[in-house]
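Read top to bottom, the protein sequences are chains A and B.
Each residue of the first sequence is one higher than the one before, starting from 1 at the first, in this note's numbering.
Each residue of the second sequence is one higher than the one before, starting from 1001 at the first, in this note's numbering.
From the three backbone atoms N, C-alpha and C, an ideal C-beta is built for every residue, glycine too.
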Amino acid sequence: MSDTFRFTIDGVEVTGTPGQTILQAAEAAGIWIPRLCYLEGLVPGGACRVCTVKVQGRFQAACAFPAGPGLVVENDTEEIRELRKQVVEMLFVEGNHFCMFCEKSGNCELQALAYRLGIASPRYPYLFPVRQVDASHPDVFIDGNRCIQCGRCIRASRDVDGKGVFGFVERSRDTRVGVDARTGLGGTSLTLDDRAVTVCPVGAILKKRVGFAVPIGERLYDHRPIGTDLERRGA
Amino acid sequence: MPTDLAVFIQDRAREHGGDRTRLLDVVRAVQEAFGHVSSEAMDLVAQALSVRRVEVEGVVSYYAFLSREPKGQVVIRLSDCPSCRIHGMEAVGAAFEEALGIRFGGTTPDGRITLEHTPCIGLCDQGPAALVNEVPITRLTPGKAREVSRLLVAGRTPWDLAPKARDTADPVARVHALVDSNIRKEGLVVFAPMPPGQAVRKALAGTPEAVIEEVKASRLCGRGGAGFPAGLKWEFARKAPGDAKYVICNADEGEPGTFKDRVILTENPDLVFEGMTLAAYAIGAAEGIVYLRAEYEYLRAHLEAVLARRRTEGLLGRAVAGRAGFDFDIRIQVGAGAYICGEESALIESAEGKRGVPRNRPPFPVTVGYLDKPTSVNNVETFCCAARVVDTGASCFSCVGSIRSTGTKLLSVSGDVARPGIYEVQFGQSIREFLEMVGGEDAIAVQVGGPSGTCIGPAEFERHIAFEDLATGGSMMVFGPGRDMVQVAAWFMDFFVHESCGWCTPCRVGNVLIRERVQRILAGRGVPADVAYLETLCTTVKKMSRCGLGQTSPNPVVFGLKNFRPAWEAHLGPDDGLNPAFDMDAALADAVRIAGREPVHP
């Protein structure tokens, strides 16, 4: 293709196409850039900042920043690894995450990312926020304690399901995912086959009654670190 | 109070043609009429404007001037800003609490009066100050606070607190009766006179491209603080494809310590509208918006009157200044209390009736802006400068200031100075000259550009006010001998925690963590290791945040640790192997309460 272009990630030359973000071009080249709020098929949020890279010396979110000819991108450097680690640690102390009895354990992207980035325990004090659980829906529940405000569910419901079941409410440290009904999730049009039900990277939106269908030990990240599938595929 | 909520909401929605982008206006009207936007009201607004309920709740819960819980018919908002604090704001607050019998955040038992803190309301040169509904009350003392409380409790309205303003029909005289403009030094750009229409007519005598070239030649940089070249911004907007384009005036002046836009809009709004009109001509816009911060609601009638006069003068509306084919008008969009809306893409979101959350950039507003059309967002003062450039020529404008910072700059001066107020100075003034000018020679610190800017001590007072050295959007807070710069930093972190939009992790969480450690140090429970902890944390928040708020919010701590290290170290406890962060009394509080007796060994 004549309109493709070349740029580098950590000195490795990769090919980009117009309209691609840095993260997408990296994936196409088999380079994994850690991320939480980004999910293929959804518009980028640029919210979690875990995918931050340096582009021409400036920090940018790889999920939202367009790839371009000749760009010099730094991804897996000591400086950026450390910054990402801190941002993930912030997410751990911001919410109430109890991996040892969370049914998402092993399938959780936040947990898997912490392992891959080498986080043993956060260096920050836990904030212990008071968060709500909404179990008013017959098939799905939301546990605000585990939410990381990534907004995947909001974008999936709005753009893929065409429903707009979720939306951010409040602001600053109180920002949380609200639902489109006075009476809670049960009052919304959410159904089990909605894309929004399956996009949560953590254990905040969960289907009822299937929690341990796959036993611990046989889950997605129990044997292979997050991101390695993509790296193997690309190499 | 209107009796029927549903009818009221339908009427407001109808006034705006059911336009979803006017959501903010509708919920503001509900808030004003009913004291809150109830759960039922949110459902009704959602129906009336064909938006989702969660979007309405998202907006109502986002802005500080909107609430889901009932508030009093009268809301007292006491400005909480270092310059008000150092002039006695805390004693004023205590007097309000005592006189009203409620605490901050509370409402009187009869449900009539609510007392709150609010971030800087731009009256720093005449503080402590408060807004009582939209009415500003300045130069508060504990005695005045008690008197205000007494009148309100007795059933008087907010306007009764300012009888001179209440009884004045003329809009600008009314503003003058409420607040002082305090112009201490007039320069040749912003406060010099210009007959309405003069710059517009000069612009219309040439091509739009010629206007852009003139502004580029003047090297005019944006006056909001970021300093982006104004001519270049207009050129981008002109060249961007789009069937409609917009000019937006950023009058969301929220940086603590800044009040120069309030004074410009009071004293010389014609020059602002002049600049907006020629910007519209330059980029090809037919519609302009002044985004006015909610705290400046009391300026609105005055601004509307000036806009109306300009329409009758033929300077707005169809065929501006007789130029067939150039139609342009301006509307005022009032915000609802969110500092982040001063960021241009957040401002656009807010003007579209959404949560004022910044967008991912690129694309920039000059290509994808208001309603996704090319949009130029410029500061109030920038429009004044642009009008002056077109009137007197680029060379006249750029002959003052420095090579990279041309023209004049308005400074909003507050704090420990003899002569607070507004100064129009030439770029290039040194801080020492500045301090002599304002009567602050004994300063220990100058906060240049507000908390998101730079804080320097005497060692750097030879530096200059200019984009290439000390950039400022206009906020200049001076701190005199005896001020605790750690306390000042803690106040500023409260502000940033309050004002983070919450979208991105480092700003939403990181600022809370910075504040926690600053407060710990301030309480005398910090250890030397906390300094390194803070330095790392601040760096992370600055590097990883999505927009300018998080990229600058750690600055009070960063500059504090750099320029006022001894003040910080004075608060630290010894590194004696014990953990001073551990508060024994707090840890035992619950046990003491349960046991019902005090510890034997205190």
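Can you round the beta-carbon distance between I33(A) and A62(A) to whole angstroms, since I take them to be within the 8 Å contact cut?
Walking along the first sequence from the start, residue 33(A) turns up at place 33. Walking along the first sequence from the start, residue 62(A) turns up at place 62. Confirmed, about 5 Å.
Look up E1116(B) in the DSSP assignment and say whether it is helix, strand or coil.
Here residue 1116(B) is taken as the residue at index 116 of the second sequence, counted from 1. Correct three-state label for E1116(B): strand.
Taking only the alpha-carbon atoms, compute the straight-line gap between F101(A) and F1364(B) and give it to the nearest angstrom.
The residue you call residue 101(A) lines up with position 101 of the first sequence. The residue you call residue 1364(B) lines up with position 364 of the second sequence. One C-alpha to the other measures close to 44 Å.
Is it the case that the Cβ atoms of Y1246(B) and G1369(B) are separated by a distance below 8 Å?
Locating residue 1246(B) in the second sequence gives position 246, where the first residue counts as 1. Locating residue 1369(B) in the second sequence gives position 369, where the first residue counts as 1. Yes, Cβ-Cβ distance for Y1246(B) and G1369(B) is below 8 Å.
Select from the region 62–77 of chain A all residues with a C-beta closer than 7 Å to any C-beta belonging to chain B, and list them in chain order.
A64 and P66
Do we get a CB-CB distance below 8 Å when we pair H1117(B) with the residues of chain A?
Working through the second sequence from its first residue, we reach residue 1117(B) at position 117. It does not: the Cβ of H1117(B) has no partner Cβ on chain A nearer than 8 Å.
Can you check the region 1094–1177 of chain B for any alpha helix (DSSP H) of at least 4 residues that lies completely inside it and give the ranges in chain order?
If one requires a minimum length of 4 residues, the alpha helix (DSSP H) runs lying completely within the region 1094–1177 of chain B are 1142–1153 and 1163–1166, in chain order.
Are three or more beta carbon pairs between the region 76–89 of chain A and the region 110–117 of chain A nearer than 8 Å?
yes
Pull up the distance between the alpha-carbon of R1077(B) and that of D1484(B), whole angstroms please.
For the purposes of this step, residue 1077(B) is identified with residue 77 of the second sequence, where counting begins at 1. For the purposes of this step, residue 1484(B) is identified with residue 484 of the second sequence, where counting begins at 1. Near 25 Å, if we compare the C-alpha coordinates of D1484(B) and R1077(B).
Taking CB distances under 8 Å as the criterion, tell me whether D1043(B) reaches chain A.
As a working note, residue 1043(B) is residue 43 in the second sequence. Closer than 8 Å: yes.
For P1358(B), which residues from the same chain have a beta carbon less than 6 Å from its beta carbon, with the 5 sequence-adjacent residues on both sides left out?
Here residue 1358(B) is taken as the residue at index 358 of the second sequence, counted from 1. Correct list, in chain order: E1343, S1345, A1346 and C1547.
If you count every other CB in all the chains shown that lies within 10 Å of the CB of V1045(B), and 16 or more means buried, which is it?
Translated into the one-based positions of the second sequence, residue 1045(B) becomes position 45. With 16 or more other Cβ atoms inside 10 Å of its own Cβ, V1045(B) counts as buried.
Measuring alpha carbon to alpha carbon, tell me which of M1493(B), T1382(B) and L1572(B) ends up nearest R1223(B).
The residue given as residue 1223(B) occupies position 223 in the second sequence. When the alpha-carbon of R1223(B) is set against those of M1493(B), T1382(B) and L1572(B), the nearest one is in T1382(B).
Residues in its own chain within less than 7 Å of R1656(B) by CB, not counting five upstream and five downstream?
In the structure displayed, chain B extends from 1001 to 1602; residue 1656(B) sits before or after that span and is not available.
Would you say P1451(B) and P1196(B) are within 8 Å of each other, going by their C-beta atoms?
Against the second sequence, residue 1451(B) aligns to sequence position 451. Against the second sequence, residue 1196(B) aligns to sequence position 196. No, the pair does not count as a contact, with Cβ atoms beyond the cut-off.
With DSSP as the reference, please indicate the residues paired to Y1246(B) in a beta bridge.
Here residue 1246(B) corresponds to residue number 246 of the second sequence, with the count starting at 1. Y1246(B) is bridged by DSSP to E1287(B) and T1375(B).
What beta strand (DSSP E) runs, 3 residues minimum, are completely inside the region 1305–1364 of chain B?
With a minimum length of 3 residues, the continuous beta strand (DSSP E) runs that stay inside the region 1305–1364 of chain B are 1329–1334.
Can you list the residues of chain A that N1379(B) reaches, using a CB-CB cut of under 9 Å?
The residue given as residue 1379(B) occupies position 379 in the second sequence. In chain order: nothing, as chain A lies at least about 24 Å away.
Quick check: the Cα distance between T1114(B) and P1136(B), rounded to an integer number of angstroms?
As a position in the second sequence, residue 1114(B) is number 114, starting the count at 1. As a position in the second sequence, residue 1136(B) is number 136, starting the count at 1. Rounded to whole angstroms, T1114(B) to P1136(B) spans 16 Å at the Cα level.
List the residues that DSSP assigns as beta-bridge partners of K1185(B).
Position 185 of the second sequence, counted from the first residue, corresponds to residue 1185(B). The beta-bridge partner set that DSSP reports for K1185(B) consists of Y1423(B).
Helix, strand or coil for E74(A) per DSSP?
Position 74 of the first sequence, counted from the first residue, corresponds to residue 74(A). Residue state, collapsed to three classes: strand.
How about A1064(B) and G1337(B): do their beta carbons lie closer than 8 Å?
The residue labelled residue 1064(B) in the question sits at position 64 within the second sequence. The residue labelled residue 1337(B) in the question sits at position 337 within the second sequence. Their beta carbons are under 8 Å apart, which means A1064(B) touches G1337(B) by this criterion.
Taking C-beta pairs closer than 8 Å, name the residues in chain B that G167(A) reaches, listed in chain order.
Here residue 167(A) is taken as the residue at index 167 of the first sequence, counted from 1. Correct list: R1052, V1054, E1055, E1057 and G1058.
Buried or exposed: which applies to K208(A), given that a residue is buried once 16 or more other Cβ atoms fall within 10 Å of its Cβ?
The sequence position of residue 208(A) within the first sequence is 208, counting from 1. Result: exposed.
Would L110(A) and I148(A) qualify as a contact pair, given that the criterion is a beta-carbon distance under 8 Å?
Along the first sequence, one-based indexing puts residue 110(A) at 110. Along the first sequence, one-based indexing puts residue 148(A) at 148. It is a contact, given that the beta carbons lie within the stated cut-off.
Along the region 110–137 of chain A, what residues have a CB closer than 7 Å to any CB found in chain B?
Hits within the stretch, in order: Y124, P125 and L127.
Compare the Cα-Cα distances from T1021(B) to each of K1409(B), E1147(B), I1289(B) and K1542(B) and report the closest residue.
Against the second sequence, residue 1021(B) aligns to sequence position 21. When each option's Cα is compared against that of T1021(B), the closest is I1289(B).
Where do the N-terminal and C-terminal ends of the beta strand (DSSP E) with G167(A) fall, by residue?
As a working mapping, residue 167(A) is identified with position 167 in the first sequence. For G167(A), the uninterrupted beta strand (DSSP E) segment begins and ends at F166 to V169.
Does any residue of chain B bring its CB to less than 8 Å from the CB of F98(A)?
Locating residue 98(A) in the first sequence gives position 98, counting from the first residue. By this cut-off, F98(A) is not an interface position.
Nearest chain A C-beta to L1005(B) closer than 8 Å, yes or no?
Here the question's residue 1005(B) lines up with position 5 in the second sequence. Answer no: the Cβ-Cβ gap between L1005(B) and chain A never drops below 8 Å.
Does the beta carbon of V1497(B) sit closer than 8 Å to a beta carbon anywhere in chain A?
In the second sequence, residue 1497(B) corresponds to position 497, counting from 1. Closer than 8 Å: yes.
Output yes if chain A places a C-beta closer than 8 Å to the C-beta of G1510(B); else output no.
Within the second sequence, numbered from 1, the residue matching residue 1510(B) stands at position 510. Closer than 8 Å to some Cβ of chain A, the Cβ of G1510(B) qualifies, so yes.
Residues in the same chain with beta-carbon distance under 8 Å from V1518(B), minus the five sequence neighbours each way, listed in chain order, please.
Working through the second sequence from its first residue, we reach residue 1518(B) at position 518. Excluding the 5 residues flanking it on each side, V1518(B) has same chain C-beta neighbours closer than 8 Å at V1486, A1489, A1490, M1493, L1534 and V1557, in chain order.
Do S1376(B) and E1389(B) come within 8 Å of each other at the CB atom, strictly closer than that value?
Position 389 of the second sequence holds residue 1389(B). Position 376 of the second sequence holds residue 1376(B). Rather than Glu, the amino acid found at residue 1389(B) in this sequence is Val. At the C-beta level, V1389(B) and S1376(B) stay beyond 8 Å of one another.
Between which two residues does the beta strand (DSSP E) holding K54(A) run?
Here residue 54(A) is taken as the residue at index 54 of the first sequence, counted from 1. First-last of the beta strand (DSSP E) with K54(A): T52 to V55.
Does the contact criterion of 3 or more C-beta pairs under 8 Å hold for the region 1089–1098 of chain B versus the region 1142–1151 of chain B?
yes
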